[in-house]
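**Student:**
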């Protein structure tokens with residue numbers, strides 16, 4: 214009697230020791246099955262890298278701090294007076310800001326430089342301001358815009374001096390060029406092209422829904438032969454769900470980290486200095502994508518290909534509204550229908566990256582990440598409950 218009990222106890226202990234090993238074996242096998250699924254792996258792990266490269270080729274030059282080098286120009290001024298002093302002050306300020314590269318010289322030498330195409334144009338000032346150009350192009354357009362700006366300022370200051378002579382000195386002090394720079398609350402220059410790449414990372418996170426769809430299909434016995442065999446296996450269903458979820462999350466996060474590395478170090482995309490929070494945001498985004506896929510896969514009996522089609526439609530619609538195709542779309546939505554930006558998961562992810570890169574205040578980022586976490590938990594719990602409660606009379 215005693216020996217029989219000891220054998221029973223030893224079997225229980227052995228079974229408890231084997232359960233963790235079985236769990237990690239199941240986890241490892243699921244990792245392999247996810248990676249060898251070529252179609253899903255391509256869209257989730259390869260396509261974001263291809264698309265980011267195409268984005269960079271299309272408008273990567275706009276990501277640099279200076280889109281154009283200084284425009285070379287010659288300056289020829291005859292005579293003295295306040296007009297000469299004001300013009301030189303204006304042009305020197307532009308040269309300091311690396312907008313222009315000036316050569317102050319005589320008329321003959323300036324003409325020679327223009328003929329040799331060593332300068333874009335000649336700025337002459339005798340009795341009136343004149344711009345001499347030899348051809349048309351971007352540099353010539355910049356020179357024309359600069360002089361138009363100067364003439365508008367000069368006319369404005371002349372009106373001030375005529376109507377309020379006491380303000381003449383203050384107006385003269387403002388005659389230096391002052392250009393508005395597109396900056397953020399953190400003082401760093403903003404770039405609208407970054408919205409495309411932030412939305413692309415959001416797309417990669419939402420594409421993790423494909424993993425969730427595959428996971429749900431492989432756990433429902435009425436959807437695939439593999440799911441039939443797994444349903445009949447002597448393994449508790451919650452352990453199977455946890456193993457699958459951990460496997461798909463591992464793959465999604467690994468792809469995300471590689472994408473971050475490629476964008477930041479390979480393409481020079483600015484994600485700011487908050488590395489931990491940036492990665493954390495991406496992980497939460499991947500968790501949302503998986504949860505969305507689980508819910509979509511568990512809520513109906515359509516085929517896996519049909520569910521993937523639905524998922525692609527929803528994901529790309531969300532990414533479009535987040536500015537992946539047209540970066541002004543989120544601005545228009547914020548102006549007319551702001552509630553969409555508050556619940557669009559792709560916009561929540563992309564805007565979180567933007568907040569981390571350019572905002573010193575974490576209020577907006579916190580609101581975004583909390584909203585995304587709530588959506589993730591709600592969808593994940595609903596999807597897992599739907600999977601656990603499914604029973605089959607015969608399979």
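Residue numbers (the working numbering): 214 to 608.
Ideal placement from N, C-alpha and C gives every residue a C-beta, glycine not left out.
Predicted model, so just to flag it, every value in this text is computed and none were measured.
(1) Considering only their Cβ atoms, is the gap separating residue 499 from residue 469 smaller than 7 Å?
(2) Take residue 311 as the anchor and find which of 264, 251 and 355 has the nearest alpha-carbon.
(3) Confirm, please, whether the CB-CB distance from residue 418 to residue 502 is below 7 Å.
(4) On the three-pair Cβ rule with 8 Å, is the region 456-465 touching the region 561-572?
(5) In three-state DSSP terms, what is residue 270?
(6) Give the DSSP-derived three-state secondary structure of residue 525 in the structure shown.
(7) Using 10 angstroms around the beta-carbon of residue 408, count the other beta-carbons present and answer buried if the total reaches 16, otherwise exposed.
(8) My parser needs the alpha helix (DSSP H) runs of 4 or more residues fully inside the region 503-559; what are they?
(9) Consult DSSP for residue 343 and reduce its assignment to one of helix, strand or coil.
(10) Is there contact between the region 589-602 and the region 508-527, where contact requires at least three CB pairs shorter than 8 Å?
(11) So what does DSSP say about residue 318, is it helix, strand or coil?
(12) How would you write the range of the alpha helix (DSSP H) that residue 424 sits in, first residue to last?
(13) Only counting the same chain, and skipping five residues up and downstream in sequence, which positions put a Cβ closer than 7 Å to that of residue 386?
(14) For residue 334, list the residues DSSP reports as bridge partners.
(15) Here's a check: name, in chain order, each residue in its chain whose Cβ is nearer than 7 Å to the Cβ of residue 388, leaving out the five neighbours to either side.
(16) Straight-line CA distance for residue 264 to residue 523?
(17) Is the region 483-500 in contact with the region 577-589, if contact means three or more CB pairs nearer than 8 Å?
(18) State the Cα-Cα distance for the pair residue 431 and residue 450, rounded to the nearest angstrom.
(19) With distances taken Cα to Cα, identify the nearest neighbour of residue 287 among 411, 344 and 245.
(20) State buried or exposed for residue 433, treating a residue as buried only when at least 16 other CB atoms are found within 10 Å of its CB.
(21) If we ignore side chains and look at the alpha-carbon of each, how far apart do residue 483 and residue 477 end up?
(22) Measuring alpha carbon to alpha carbon, tell me which residue in 338, 495 and 424 is nearest residue 507.
(23) Report yes if the CB atom of residue 563 is closer than 7 Å to the CB atom of residue 415, and no otherwise.
(24) Closer than 7 Å by C-beta to residue 315: which residues in its own chain qualify, once you throw out the five before and the five after it? Chain order, please.
(25) Verify whether the separation of the beta carbon atoms of residue 421 and residue 465 is less than 7 Å.
(26) Give the range of the alpha helix (DSSP H) segment to which residue 456 is assigned.
(27) Measuring alpha carbon to alpha carbon, tell me which residue in 471, 554, 487 and 234 is nearest residue 575.
(28) By the DSSP assignment, the alpha helix (DSSP H) with residue 417 in it spans what residues?
**Tutor:** With the given structure in hand:
(1) Walking along the chain shown from the start, residue 469 turns up at place 256. Walking along the chain shown from the start, residue 499 turns up at place 286. Yes, they are a contact pair.
(2) For this step, residue 311 is matched to residue 98 along the chain shown. Looking at the Cα atoms, 355 is the closest of the given residues.
(3) As a working mapping, residue 502 is identified with position 289 in the chain shown. As a working mapping, residue 418 is identified with position 205 in the chain shown. Result yes, Cβ atoms of residue 502 and residue 418 sit closer than 7 Å.
(4) no
(5) As a first step, residue 270 is located in the chain shown; it is residue number 57 there, counting from the start. Here residue 270 sits in helix by DSSP.
(6) The residue you call residue 525 lines up with position 312 of the chain shown. Three-state result, residue 525: helix.
(7) In the chain shown, residue 408 corresponds to position 195, counting from 1. Under this definition residue 408 is a buried residue.
(8) 517-534, 542-549 and 551-556
(9) As a first step, residue 343 must be located in the chain shown, where it is residue number 130. In the structure shown, residue 343 sits in a strand (DSSP, three-state: E or B).
(10) yes
(11) The residue you call residue 318 lines up with position 105 of the chain shown. DSSP places residue 318 in coil when its eight states are reduced to three.
(12) Looking up residue 424 in the chain shown gives position 211. Start and end: 422-430.
(13) Position 173 of the chain shown, counted from the first residue, corresponds to residue 386. Note that residue 386 has pLDDT 49, beneath the 50 cutoff, so the model's placement of it is unreliable and the number below is only indicative. Taken in chain order, the list of residues that qualify is empty.
(14) Counting from 1 along the chain shown, the entry for residue 334 is found at position 121. 286 and 346.
(15) By one-based count along the chain shown, residue 388 stands at place 175. Per-residue confidence for residue 388 stands at a pLDDT of 45, beneath the threshold of 50, marking its modelled position as unreliable; no derived number is given.
(16) Position 51 of the chain shown, counted from the start, is the residue given in the question as residue 264. Position 310 of the chain shown, counted from the start, is the residue given in the question as residue 523. Spanning the two alpha carbons is a distance of roughly 21 Å.
(17) yes
(18) Numbered from 1 along the chain shown, position 218 holds the residue referred to as residue 431. Numbered from 1 along the chain shown, position 237 holds the residue referred to as residue 450. For residue 431 and residue 450, the distance between alpha carbons rounds to 12 Å.
(19) Mapped onto the chain shown, residue 287 falls at position 74. Nearest of 411, 344 and 245 to residue 287, Cα basis: 344.
(20) In the chain shown, residue 433 corresponds to position 220, counting from 1. By the neighbour-count rule (16 or more Cβ atoms within 10 Å), residue 433 is buried.
(21) Stepping through the chain shown from its first residue, residue 483 is reached at position 270. Stepping through the chain shown from its first residue, residue 477 is reached at position 264. Residue 483 and residue 477: Cα-Cα distance of roughly 6 Å.
(22) The sequence position of residue 507 within the chain shown is 294, counting from 1. When only C-alpha atoms are compared, the closest one is 424.
(23) For the purposes of this step, residue 563 is taken as residue 350 along the chain shown, with counting starting at 1. For the purposes of this step, residue 415 is taken as residue 202 along the chain shown, with counting starting at 1. Contact flag set, yes.
(24) If you number the chain shown from 1, residue 315 lands on position 102. Here the set comprises 286, 288, 304 and 308.
(25) Locating residue 421 in the chain shown gives position 208, counting from the first residue. Locating residue 465 in the chain shown gives position 252, counting from the first residue. Going by C-beta atoms, residue 421 is nearer than 7 Å to residue 465.
(26) Residue 456 sits at position 243 when you count from the first residue of the chain shown. Element bounds for residue 456: 450-474.
(27) Translated into the one-based positions of the chain shown, residue 575 becomes position 362. Among 471, 554, 487 and 234, the Cα nearest to that of residue 575 belongs to 487.
(28) Here residue 417 is taken as the residue at index 204 of the chain shown, counted from 1. Unbroken alpha helix (DSSP H) run through residue 417: 407-419.
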